[in-house]
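Participant: Before I ask anything, let me first share the structure, which is written out below as C-alpha cells.
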C-alpha cells in the first residue's frame, strides 16, 4: 500500500537528490525515513515545518526561515520568540560547525524589520496559565478530593495567581467550577449529596467531549447503531475542523439522514453534536471501516496521509478510554470489534 501512495514517489525522487521534506501530514514511515537520513547527514536540504524542531535532536549547519508568519490552525500570525529560537537553535552541529547560521527571509510588504528585531532579541513573552477546567476535571476533583482540598487546588493554579495580581474581582475559575458543578448535577453526573453517580464515574475516565461520549454509551442509543456508525459518530465527535480540510459528500446524504434519525432519540446529542463534522466523517470512516485500501481514502479528502492516520489513531484512543470507563462487558466487546475494523494497515503501524 505504501508504494501506491503518491507522496512515496515524490519523496523517493527528492531523497535521491539529497533533499527531503517533513511535516505533520506525512505518514509515520515517511517521517522515520527522513529523520534517519537527515541524522546521518545524507540530506543536504530539508524543507520542514516547526514540528521537526520539537523533541527531535536534529541540528543543521544553517536554518532558513522563509517568513515570520505561521498558520496556527485558525489565523496567520507572527511567530513568537520561543518559536523562533526553537528553530534557530538547531543551527550549528556540535563537533562539526564552529558557527551556526540563521537566515530570515523578510517580506517588506508584510513585515516590519522591527518585528525581526523583537522576535530575535530574546525578549520573553508573558507567561499565561494553561489550566483548563473541563467537566472531566470537575468530576475528577470530586472523585479524589473533599471540598476544602478542591478549594485549595482551584486557588493554586497559575491562572488564579495572575488574576489575583491584576484584579480583586471574583475569580472566573471558581464561577466556572460552580457552573459546571450545577450542570453536572442537572445531567445526573453528580448526586444531590455531591457524590459521583454511575454516569459521573464513567465520564471522569473520558478526556475529550466527555458528555457527548457518555450520553452516547450510557444509554441504549449505541445499540441502534452499526459498528461503522459507531466509528463514524466517534470520529464526528473528536474531529476538529482546520482550514482547507475538504471531504467528499458523494452518495452519503441518505446514510447521513438515517444516522441523524437514530441519534434524534437523545436531545443532548442531537443538540451538541457538530452535524457538519459528522457528515465529513461518513465517507472517510465508512470506506476504511468497510475494508478499502488506504489510497482510496486520499480521493475522499484533501487532508494529508499522516493527518488521516492521526484521526483514526484518535478514534482508537477514544475507544480505549470508553472500554476503560465502562463495566459493561458487552460494550467492551462491541468496541473491540469496532476497533479492529480501523486498526489495520498503515493505521496500525506505530514507530
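Residue numbers (full-length UniProt numbering): 1 to 351. Backbone N, C-alpha and C define an ideal beta-carbon position, used for all residues, glycine too.
In terms of residue numbering, what span does the alpha helix (DSSP H) encompassing residue 99 cover?
Facilitator: Where residue 99 is concerned, there is no enclosing alpha helix (DSSP H), given that its DSSP letter is neither H nor E.
Participant: From the beta carbon of residue 243, is the nearest beta carbon of chain B less than 8 Å away?
Facilitator: Of the protein chains in this structure there is only one, and it is not chain B.
Participant: Scan the region 188-240 and note each continuous alpha helix (DSSP H) run of 4 residues or more that stays entirely inside, going in chain order.
Facilitator: The region 188-240 contains these whole alpha helix (DSSP H) runs: 198-203, 210-217, 227-238.
Participant: Under the three-state reduction of DSSP, which class applies to residue 60: helix, strand or coil?
Facilitator: It is a strand residue.
Participant: Which residues in the same chain as residue 262 place their Cβ atom closer than 7 Å to its Cβ, once the five residues preceding and following it in sequence are excluded?
Facilitator: 224, 225, listed in sequence order.
Participant: Between the Cα of residue 319 and the Cα atoms of 93, 95, 206, 92, which residue gives the shortest distance?
Facilitator: For residue 319, the nearest C-alpha among the options comes from 206.
Participant: Rounded to whole angstroms, what is the Cα-Cα separation between residue 185 and residue 191?
Facilitator: Rounded to whole angstroms, residue 185 to residue 191 spans 6 Å at the Cα level.
Participant: May I ask you to verify whether the region 16-33 touches the region 320-330, counting CB pairs closer than 8 Å and requiring at least 3?
Facilitator: In short, these stretches do not touch, since the Cβ pair count stays below three.
Participant: Any idea what DSSP makes of residue 46, helix, strand or coil?
Facilitator: Here residue 46 sits in strand by DSSP.
Participant: Which residues share a DSSP beta bridge with residue 70?
Facilitator: Paired residue(s): 77.
Participant: Going by CA-CA distance only, name the one from 228, 247, 188 that's closest to residue 218.
Facilitator: Checking every option, the nearest Cα to that of residue 218 belongs to 188.
Participant: For residue 85, name the three-state secondary structure that DSSP assigns.
Facilitator: Looking at residue 85 - three-state DSSP - the assignment turns out to be helix.
Participant: Assuming residue 20 is part of the beta strand (DSSP E), what are its boundary residues?
Facilitator: Note, residue 20: beta strand (DSSP E), 19-22.
Participant: If you run the structure through DSSP and keep just helix, strand and coil, what is residue 301?
Facilitator: Strand.
Participant: For the candidate residues 15, 209, 153, 288, whose alpha-carbon lies nearest to that of residue 342?
Facilitator: Nearest option by C-alpha distance: 288.
Participant: Please check the pair residue 286 and residue 228, which I expect to be a contact at CB under 8 Å, by giving their CB distance rounded to whole angstroms.
Facilitator: With a Cβ gap of about 5 Å, residue 286 and residue 228 count as contacting.
Participant: Are the region 58-66 and the region 84-94 in contact at 8 Å, needing three or more beta carbon pairs?
Facilitator: They touch, by the three-pair rule.
Participant: Figure out for me which residue from 283, 143, 84, 41 has the closest Cα to the Cα of residue 49.
Facilitator: Here the closest residue by C-alpha is 84.
Participant: CB-CB under 7 Å to residue 37, same chain, minus the five flanking residues each way: which ones, in chain order?
Facilitator: Within the same chain, residue 37 has close Cβ partners 15, 20, 43.
Participant: List the residues that DSSP assigns as beta-bridge partners of residue 91.
Facilitator: The partner list for residue 91 (beta bridge, DSSP) reads 60.
Participant: Please classify residue 347: does DSSP put it in a helix, a strand, or coil?
Facilitator: In this structure, residue 347 counts as helix in the three-state DSSP scheme.
Participant: For residue 143, collect the residues of the same chain with a Cβ closer than 7 Å to its Cβ; drop the 5 residues on either side in sequence, then sort them by chain order.
Facilitator: Hits under 7 Å: 196, 204.
Participant: Can you grab the Cα-Cα spacing for the pair residue 211 / residue 336, in whole Å?
Facilitator: Taking the straight line from one Cα to the other gives about 21 Å.
Participant: Does residue 103 pass the burial test, meaning 16 or more other C-beta atoms within 10 Å, or should it be called exposed?
Facilitator: The residue is exposed, with fewer than 16 neighbouring Cβ atoms inside 10 Å.
Participant: Just verifying my parser: in three-state terms, what is the DSSP assignment at residue 312?
Facilitator: Of the three classes helix, strand and coil, the one that applies to residue 312 here is helix, per DSSP.
Participant: Could you give the C-beta distance for residue 315 and residue 235, rounded to a whole number, given that I count them as a contact under 8 Å?
Facilitator: Indeed they touch by this definition, with Cβ atoms about 5 Å apart.
Participant: Taking only the alpha-carbon atoms, compute the straight-line gap between residue 300 and residue 245 and give it to the nearest angstrom.
Facilitator: Distance between the alpha carbons of residue 300 and residue 245 is about 11 Å.
Participant: With a CB to CB cut of under 8 Å and the five nearest residues on each side skipped, what residues in its chain are close to residue 105?
Facilitator: Answer for residue 105: 64, 65, 66, 67, listed in chain order.
Participant: Can you list, in chain order, the residues of its chain with a C-beta nearer than 6 Å to that of residue 278? Leave out the 5 residues immediately preceding and following it.
Facilitator: Here the set comprises 236.
Participant: Among the residues of its own chain, which have a CB less than 7 Å from the CB of residue 222, if the five just before and after it don't count?
Facilitator: Cβ neighbours of residue 222 beyond the five flanking positions: 216, 230.
Participant: Helix, strand or coil, according to DSSP, for residue 268 in the structure here?
Facilitator: The answer is helix: DSSP assigns residue 268 an H, G or I state.
Participant: Using beta-carbon positions only, say whether residue 281 and residue 232 come within less than 8 Å of one another.
Facilitator: Cβ atoms of residue 281 and residue 232: closer than 8 Å.
Participant: Buried or exposed: where does residue 24 fall if 16 or more other Cβ atoms within 10 Å of its Cβ makes it buried?
Facilitator: Residue 24 should be labelled exposed.
Participant: Look up residue 38 in the DSSP assignment and give the residues it is bridged to.
Facilitator: BP columns for residue 38 are empty, so no partner.
Participant: In whole angstroms, give me the CA-to-CA distance for residue 310 and residue 132.
Facilitator: Answer to the nearest angstrom: the Cα atoms are 23 Å apart.
Participant: From residue 198 to residue 118, what distance separates their C-alpha atoms?
Facilitator: If I take the Cα positions, the gap works out to 53 Å.
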